[in-house]
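Residue numbers (UniProt numbering): 1 to 495.
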Amino acid sequence: MSLPSLPNECFSIILTFLDNKSLYKCLFINRHYCKLSIPIVWRDPFFLPNSKKSSNSISLINTLLTCLDKDEVSSIISCIGNFDNKTPLFEYGKFIRKFNHDQCVKQVTNWLIINNQNPRGKKLIDAIYHMIMRVGSNLQELNIEITKSSYIELPEISIFTTYKSGISNLRSLYLHLTNNHILDYQDTKEFLSVISKFCNRIINFELCIDGFYKFAKQISDIIRLQPLERICSCRNVISDLELEYRSETLKVLLFKDVERSIDLSFMSKLECLEYFGLEFCYDAIFKHEILNKRKLQLKELKLWFCNITKEIISSLCNETLLKLTLWNITPEIAKIIKESCPNIRSLCIQFGTNNLFDSTIPIICQLKSLKILDIKSFYRIDDNLLVRIIGNYLISVEYLFFDFSIELSSFEYFTNNCKANLKKWIITISNISNNSLRKNYLICVNNFQRVHKSLKVLGIKEYWNWLDCTNEEREIIDSLKNQGIDVISCDELSL
């Protein structure tokens, strides 16, 4: 059966697995491919990997201009003058599902500068918004990022609410608003104030707001009225009273860069919470005295670059936890994990000092349910000593990731002494100019496989070009492949 004879729905799903470069090539195969590829290409048009290239801005904005109707064209004539408004092949605006305000502003500004126009392009941006809403775009994700470098406000709220669909099916909302003395954010405030009147389907909410108090009521309304399943708050602490409204829906809660007190006791009331994370909250103070861990159902916990005590770990960990990411692990914390988390399968850790290796690693290696171990480096520790100690104690882990370079002698020691039958292993090979030394790392892996016969995937995080492999290195890689191992770049896999 030929591909074009597949149902369009199946064919469209297949196309979603292509990267952008391959997807663009499909536009020129035939009309059938083009018709199915266009909605995918235009799903997120303002995400341009090479957005600094002027040609991208010109092509994108020129195409959007062809989609404007007479009223929209007349609204921008005064700021950009006359232009050749050709009839488009498709109503591209109706395919847009993700809209990034900041990226739109940047692309429009680039286009105006290239065309020697006034870079203050609010009228053109408003016209683009209006066109997208008018043609019936079913927006699912809206990123409202207004920074000091691009301080053009949102359009009037009527643009979002006049036409069918509009924002009614919005699923994700991202807010990133910097402290800007030029703007009063009036249109943004109005948008946030009425969004829950026109939409009740938002499940993913991220916010990072300078001057949070200015938007406190609007944020509170969104949390109370939307069926949120995921909240990510950067630099802002949401009150426990607001989060209680989401006790039956919230599954993911993440705080980043918070510098004030965080009361964790409210978490016992979040019945559906499966993931909780704290990232880079160096100066935050955590209150947890009345946290009832018996009511917690966390499956994943991330505490990264935070001053976490063993008491907090004890309060958050229990038998439901499957994945833990932890910075600056200590023997005391390792013991709590062993006692409280009998079902933990995945552990990502970073040490803060060399002194704790001998007493911490043996405890970690005794976790019977642990299958995935991800070790991160830190500038103050001896990575080679760490690897040797892991080699002495590791028994049952199946997936292992060393996210740092290792001296050959320590790497060889690990492969000779490790008793674990690794199935997936990610290693880091630094930029070594000595080819014979680089080859020896691959020989160590090959020798490990000949003994254990367990390895299925070898991921190499390399700082050298695969194309520069010597013939000897290629022979070893071929030998690994002949033993049933997929040898790939670690960018192509994850633990």
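For every residue, glycine included, the Cβ atom is placed at its ideal position computed from N, Cα and C.
Computed from a predicted model, the values in this text were never measured in an experiment.
{"Check": "Pick from Asn115, Asp187, Leu303, Ile159 that is closest to tyrosine 275, judged by C-alpha positions", "Outcome": "Leu303"}
{"Check": "Euclidean distance between Cα positions of asparagine 20 and serine 158", "Outcome": "34 Å"}
{"Check": "Isoleucine 477 beta carbon less than 8 Å from that of leucine 442", "Outcome": "yes"}
{"Check": "Bridge partner(s) assigned by DSSP for arginine 230", "Outcome": "Asn204, Val252"}
{"Check": "Close-in-space but distant-in-sequence residues of the same chain around isoleucine 349 (CB under 6 Å, 5 per side omitted)", "Outcome": "Leu326, Ile329"}
{"Check": "Cysteine 67 - DSSP class collapsed to helix/strand/coil", "Outcome": "coil"}
{"Check": "Reference isoleucine 202, options Glu229, Ser193, Tyr185, Val194, closest by Cα", "Outcome": "Glu229"}
{"Check": "Minimum C-alpha distance to isoleucine 389 - residue among Phe411, Asp403, Ile372, Lys368", "Outcome": "Phe411"}
{"Check": "contact_flag[the region 157-171, the region 108-122] where n(CB pairs < 8 Å) is 3 or more", "Outcome": "no"}
{"Check": "Which residues DSSP lists as bridging leucine 303, in chain order", "Outcome": "Leu278, Leu326"}
{"Check": "Rounded separation between serine 247 and leucine 270 - CA only", "Outcome": "4 Å"}
{"Check": "Three-way DSSP call (helix, strand, coil) for cysteine 348 in this model", "Outcome": "strand"}
{"Check": "Touch test, the region 69-87 against the region 126-142, Cβ-Cβ under 8 Å, three pairs minimum", "Outcome": "yes"}
{"Check": "Alpha-carbon spacing of valine 252 relative to aspartate 403, whole angstroms", "Outcome": "26 Å"}
{"Check": "Leucine 356 beta carbon less than 8 Å from that of proline 331", "Outcome": "yes"}
{"Check": "Neighbour-count burial assignment, serine 37, 16 or more Cβ in a 10 Å radius", "Outcome": "buried"}
{"Check": "Serine 409 - DSSP class collapsed to helix/strand/coil", "Outcome": "helix"}
{"Check": "Sub-8 Å separation of cysteine 272 and leucine 243 beta-carbons", "Outcome": "no"}
{"Check": "Proximal residues to leucine 170 (C-beta, below 7 Å), its chain only, five neighbours per side dropped", "Outcome": "Leu139, Gln140, Leu142, Cys199, Arg201, Ile202"}
{"Check": "Contact set for leucine 177: own chain, Cβ-Cβ below 6 Å, skip 5 residues either direction", "Outcome": "Ile146, Ile209"}
{"Check": "Nearest-angstrom Cβ-Cβ length linking isoleucine 460 and isoleucine 429, presumed shorter than 8 Å", "Outcome": "6 Å"}
{"Check": "Assigned secondary structure, tyrosine 379 (DSSP; H/G/I helix, E/B strand, else coil)", "Outcome": "coil"}
{"Check": "Among Ile308, Leu225, Leu192, nearest to phenylalanine 215 - alpha-carbon criterion", "Outcome": "Leu192"}
{"Check": "DSSP-derived helix/strand/coil call for aspartate 403", "Outcome": "strand"}
{"Check": "Range of the contiguous alpha helix (DSSP H) that encloses phenylalanine 191", "Outcome": "186-198"}
{"Check": "Same chain, Cβ closer than 8 Å to isoleucine 344, neighbours up to 5 away in sequence not counted", "Outcome": "Leu321, Leu322, Lys323, Leu324, Ile337, Leu367, Ser369, Leu370"}
{"Check": "C-beta contact flag for leucine 154 and threonine 188 at 8 Å", "Outcome": "yes"}
{"Check": "For aspartate 374, the three-state DSSP class (helix, strand or coil)", "Outcome": "strand"}
{"Check": "Closest residue to leucine 23 among Cys10, Asn8, Arg31, Ile40 (Cα-Cα distance)", "Outcome": "Ile40"}
{"Check": "Burial state of lysine 419 (16 or more Cβ within 10 Å)", "Outcome": "exposed"}
{"Check": "Under the three-state DSSP convention, the category threonine 87 falls into", "Outcome": "coil"}
{"Check": "Secondary structure of glutamate 141, DSSP reduced to three states", "Outcome": "strand"}
{"Check": "Status (buried if at least 16 other CB within 10 Å, exposed otherwise) for lysine 424", "Outcome": "buried"}
{"Check": "Simplified DSSP state of leucine 480, which is helix, strand or coil", "Outcome": "helix"}
{"Check": "Cβ distance (whole Å) where methionine 131 is taken to contact cysteine 67 below 8 Å", "Outcome": "5 Å"}
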